[in-house]
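A.B. asks:
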Amino acid sequence: MSKTGARKQGVWLIAALLVAAAVVLLAVMLPKESEPAVATLDGHAVTEAELAFHMSRLERQVRSELRSRHQWTLGQGEWESERDGVQPLRLLRERALAAALQDKALLAVAREQQLIDETDFSSIVRRMEQDNRSRAAASARGEVVYGLQRFTLASYYPHLMTALRTGVKRELSQREGDPLHLPREEVEAYFDAHRSEWSVNGTSYRVTRLLIPAAQADKSAMLAEASRMVEEGSELAALQSRYAGAELSEQTLAPSQVANLNAYDHEAVARIDALAPGELALPVETRQGVAVYRLDERLFDRDKAWQAYSAPIREQLLEERLQRYLDERLERGEVQIDDARLAQVTSWR
237 MSKTGARKQG VWLIAALLVA AAVVLLAVML PKESEPAVAT LDGHAVTEAE
287 LAFHMSRLER QVRSELRSRH QWTLGQGEWE SERDGVQPLR LLRERALAAA
337 LQDKALLAVA REQQLIDETD FSSIVRRMEQ DNRSRAAASA RGEVVYGLQR
387 FTLASYYPHL MTALRTGVKR ELSQREGDPL HLPREEVEAY FDAHRSEWSV
437 NGTSYRVTRL LIPAAQADKS AMLAEASRMV EEGSELAALQ SRYAGAELSE
487 QTLAPSQVAN LNAYDHEAVA RIDALAPGEL ALPVETRQGV AVYRLDERLF
537 DRDKAWQAYS APIREQLLEE RLQRYLDERL ERGEVQIDDA RLAQVTSWR
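Counting from 237, one number per residue, gives the positions in the sequence shown under this note's numbering.
#1: Out of Arg464, His430 and Val274, which has the shortest C-alpha to C-alpha gap to Gln552?
#2: Terminal residues of the continuous beta strand (DSSP E) containing Gln572?
#3: By Cβ distance below 7 angstroms, which residues in the same chain neighbour Leu327 in space, the five residues on each side in sequence not counted?
#4: Determine the extent of the alpha helix (DSSP H) in which Tyr529 is found, giving its start and end residues.
#5: Just the Cα atoms here: how many angstroms apart are Asp532 and Glu433?
#6: Name the residue from Leu418, Trp584 and Asp575 whose alpha carbon lies nearest to the alpha carbon of Val274.
#7: Under the three-state reduction of DSSP, which class applies to Tyr441: helix, strand or coil?
#8: Note down the Cα distance separating Arg445 from Ser456, rounded to an integer number of angstroms.
#9: Cβ of Pro519 within 8 angstroms of Cβ of Val505?
#10: Give a yes or no on whether the C-beta atoms belonging to Ser358 and Glu271 are separated by under 8 angstroms.
#11: Closer than 8 angstroms by C-beta to Val581: which residues in its own chain qualify, once you throw out the five before and the five after it? Chain order, please.
#12: So which of Leu310, Gln559, Thr488 and Tyr479 has the shortest CA-CA distance to Ile448?
#13: Within a Cβ cutoff of 7 angstroms, which residues of the same chain sit near Gln524, ignoring the five residues on either side of it in sequence?
#14: Which same chain residues, not among the five before or five after Ile549, have their C-beta less than 7 angstroms away from its C-beta?
#15: Going along the chain, which residues of its own chain have a beta-carbon closer than 7 angstroms to the beta-carbon of Leu554, five neighbours each way excluded?
#16: Which runs of the beta strand (DSSP E) at least 3 residues long sit entirely within the segment 487 to 522? Give them in chain order.
#17: My output table needs one value for Leu261: the three-state DSSP class, helix, strand or coil.
#18: By alpha-carbon positions, which one of Tyr500, Glu365, Tyr392 and Asp356 ends up nearest to Asp278?
#19: Keeping to the same chain, check which residues put their C-beta closer than 7 angstroms to that of Lys540; ignore five residues upstream and five downstream.
#20: If we ignore side chains and look at the alpha-carbon of each, how far apart do Ala332 and Arg371 end up?
#21: For Leu578, which option in Gln307, Glu295, Ala334 and Gly321 has the closest C-alpha, if you only look at C-alpha atoms?
#22: When burial is assigned at 16 or more other CB atoms within 10 Å of the CB, is Tyr382 buried or exposed?
#23: Could you round the C-beta distance between Leu484 and Tyr441 to whole angstroms and report it? I think they count as a contact, below 8 angstroms.
#24: Only counting the same chain, and skipping five residues up and downstream in sequence, which positions put a Cβ closer than 7 angstroms to that of Asp501?
#25: For Ser292, name the three-state secondary structure that DSSP assigns.
#26: Buried or exposed for Ala341, please, with buried defined as at least 16 other CB atoms from any protein chain shown within 10 angstroms of its CB.
#27: Near Asp537, what residues of its chain come up, given a Cβ to Cβ distance below 6 angstroms and the 5 sequence neighbours on each side ignored?
#28: Mind checking who Ala273 pairs with in its DSSP beta bridge?
#29: Using alpha carbons as the reference points, say which of Asp339, Glu314 and Leu302 lies closest to Leu562.
#30: Using only the alpha-carbon positions, how far apart do Gly469 and Gly403 sit?
#31: Name, in chain order, the residues that DSSP records as bridge partners for Arg386.
#32: Nearest CA to the CA of Gln452: which residue from Tyr392, Val526, Pro491 and Arg420?
#33: Is the beta carbon of Leu511 closer than 8 angstroms to that of Leu472?
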């Protein structure tokens, strides 16, 4: 073959490859007729199969809502019936579509952050199948497979959504100016404003304990009598003078020292926590008899509490910020719903 002929053949080969690549790209970009969309969010499709999947996930919730709000326990064949303007099937579709669009907002953001390649439902199914193949291969090689040996769509979907939420929070909170960025000062401000909700691991109680010795057979009667005296406003001194052998001692109890507290101390701490300084807690039974506690002082170690709670507080605030971000994304986005196609989705099991 001449050089000219070889050159022409090479040109035709390259042209053929470019045409083939264009055809493949077009096939990917065009909506698949086998996956009709009932709705889109900024062009990201919610397919009939996707909606049916969400309907299956929410069926139990909708049944519960109908029972609690409408006193309607659905029987066989009642999904398309109607009471007081409520049709169960329509309600289920509405809930499912709302959930699908909310998740689609997350998928769209995750794709923008290059955490996933596609946002369509079939891609999620393919990811699951690939994950299952990888797990099966690893298991066959004798390797440890953490978590489930094999996912179903019902188990894989929430697993993926949780992973994507974690990834999006990480990607969008690293730098100042990121939409989810959360400075330490904001976390500390929240901690200080809600200290009572995040204080257990930093709180301790200085108490005075009156231990009244008693045999096992006498404990119930003594507990009842001591409880009556406390409820009537008796002080520790009166209780001590009432019972021979009763002894006072000072203690510091800390709820965070769970491993060091016996069952009686756990009960005492639960009662002391509701007291103001100077008040007596109702008596508790102990191995030796009956104990009455007076709260002398409530102590709070801010640094200890901050060390224990800063990470979960940050995670809570970050999760709330992400949810607001996704809600705004959905609210700002262009949502298109094909009502006719939506109404055709009547099977989800």
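Don't be surprised by glycine CBs; every beta carbon is placed ideally from N, CA and C.
C.D. replies: Working from what's here:
#1: Walking along the sequence shown from the start, residue 552 turns up at place 316. Closest in C-alpha terms to Gln552, from the list Arg464, His430 and Val274, comes His430.
#2: Sequence index remark: in the sequence shown, residue 572 carries index 336 (1-based). Note, Gln572: beta strand (DSSP E), Val571 to Ile573.
#3: Working through the sequence shown from its first residue, we reach residue 327 at position 91. Around Leu327: Val298.
#4: Indexing the sequence shown from 1 puts residue 529 at position 293. Looking at the DSSP string, Tyr529 is not in any alpha helix (DSSP H); the run it does join, the beta strand (DSSP E), is Gly525 to Phe536.
#5: For the purposes of this step, residue 532 is identified with residue 296 of the sequence shown, where counting begins at 1. For the purposes of this step, residue 433 is identified with residue 197 of the sequence shown, where counting begins at 1. When rounded, the distance between both Cα atoms is 22 angstroms.
#6: Taking the sequence shown and counting its residues from 1, the one referred to as residue 274 is at position 38. Answer by Cα proximity: Asp575.
#7: To locate residue 441, count along the sequence shown from 1; it is residue 205. The answer is strand: DSSP assigns Tyr441 an E or B state.
#8: Here residue 445 refers to the residue found at position 209 of the sequence shown. Here residue 456 refers to the residue found at position 220 of the sequence shown. For Arg445 and Ser456, the distance between alpha carbons rounds to 19 angstroms.
#9: Within the sequence shown, numbered from 1, the residue matching residue 519 stands at position 283. Within the sequence shown, numbered from 1, the residue matching residue 505 stands at position 269. Not a contact, by the Cβ cut-off of 8 angstroms.
#10: Along the sequence shown, one-based indexing puts residue 358 at 122. Along the sequence shown, one-based indexing puts residue 271 at 35. Yes, Cβ-Cβ distance for Ser358 and Glu271 is below 8 angstroms.
#11: To locate residue 581, count along the sequence shown from 1; it is residue 345. Hits under 8 angstroms: Val274, Glu284, Leu287, Ala288, Met291 and Arg329.
#12: As a first step, residue 448 is located in the sequence shown; it is residue number 212 there, counting from the start. That would be Tyr479, whose Cα lies nearest to the Cα of Ile448.
#13: In the sequence shown, counting from the first residue as 1, residue 524 sits at position 288. Leu447 and Pro449, listed in sequence order.
#14: Residue 549 sits at position 313 when you count from the first residue of the sequence shown. Closer than 7 angstroms at Cβ, skipping near neighbours: Val423, Tyr426, Phe427 and Trp434.
#15: As a first step, residue 554 is located in the sequence shown; it is residue number 318 there, counting from the start. Same-chain partners within the cutoff: Lys405, Ser409, Leu416 and Leu418.
#16: none
#17: If you number the sequence shown from 1, residue 261 lands on position 25. At Leu261 the pLDDT is 36, less than 50, meaning the model places this residue with poor confidence; the figure from the coordinates comes in the next sentence. Of the three classes helix, strand and coil, the one that applies to Leu261 here is helix, per DSSP.
#18: Sequence index remark: in the sequence shown, residue 278 carries index 42 (1-based). Looking from the CA of Asp278, the closest CA among Tyr500, Glu365, Tyr392 and Asp356 belongs to Asp356.
#19: The sequence position of residue 540 within the sequence shown is 304, counting from 1. Correct list, in chain order: Asn437 and Gly438.
#20: Residue mapping note: residue 332 aligns to position 96 of the sequence shown, counting from 1. Residue mapping note: residue 371 aligns to position 135 of the sequence shown, counting from 1. About 30 angstroms.
#21: Looking up residue 578 in the sequence shown gives position 342. Ranking the options by Cα distance to Leu578, first place goes to Ala334.
#22: As a first step, residue 382 must be located in the sequence shown, where it is residue number 146. The residue in question, Tyr382, is exposed, as its Cβ has fewer than 16 Cβ neighbours within 10 Å.
#23: Your numbering for residue 484 matches position 248 in the sequence shown. Your numbering for residue 441 matches position 205 in the sequence shown. In fact, because the Cβ distance is near 16 angstroms, the residues do not count as touching under 8 angstroms.
#24: Indexing the sequence shown from 1 puts residue 501 at position 265. If we look at Asp501 and ignore the five residues flanking it on each side, its Cβ neighbours are Leu489.
#25: The residue given as residue 292 occupies position 56 in the sequence shown. Helix at Ser292.
#26: In the sequence shown, the residue the question calls residue 341 occupies position 105. Its Cβ being crowded by 16 or more others within 10 Å, Ala341 is buried.
#27: Locating residue 537 in the sequence shown gives position 301, where the first residue counts as 1. So the list reads Gly438, once near-sequence residues are dropped.
#28: The residue given as residue 273 occupies position 37 in the sequence shown. Its beta-bridge partners are Thr283.
#29: Taking the first residue of the sequence shown as 1, we reach residue 562 at position 326. When only C-alpha atoms are compared, the closest one is Asp339.
#30: Walking along the sequence shown from the start, residue 469 turns up at place 233. Walking along the sequence shown from the start, residue 403 turns up at place 167. Computed Cα separation, rounded: 57 angstroms.
#31: Along the sequence shown, one-based indexing puts residue 386 at 150. For Arg386, which the question treats as bridged, DSSP gives no partner whatsoever.
#32: Counting from one through the sequence shown, the residue named residue 452 turns up at place 216. Selected option, being the one with the closest Cα: Val526.
#33: Locating residue 472 in the sequence shown gives position 236, where the first residue counts as 1. Locating residue 511 in the sequence shown gives position 275, where the first residue counts as 1. In this structure, Leu511 does not lie closer than 8 angstroms to Leu472 by Cβ.
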